[in-house]
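In my numbering, the protein residues as written are 45 to 111.
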């Protein structure tokens with residue numbers, strides 16, 4: 045990924061979550077920014093796999109119904 049492809053995004057989180065992210069980032073010797081990017085990346089990858097599985101299931105069900 046090139047630097048030009050990265051766009052800043054703002055999210056609003058409450059102070060409690062912000063503090064928890066900061067504590068965890070400090071414990072992992074990472075920045076809060078890194079931790080949030082990693083969390084979002086893992087979530088998106090997991091949900092993409094779940095959606096692909098769901099689509100495969102729906103396709104298989106439709107094929108079954110048509111036979």
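All C-beta atoms, glycine included, are put in the ideal place defined by N, C-alpha and C.
Nothing here was measured: the structure is a model prediction, and the numbers come from that model.
- Per DSSP, residue 55 is not a residue of any alpha helix (DSSP H), being assigned neither H nor E.
- For residue 75 against residue 69, the beta-carbon gap comes to about 6 Å, under 8 Å, which counts as contact.
- The three-state secondary structure of residue 111, taken from DSSP, is coil.
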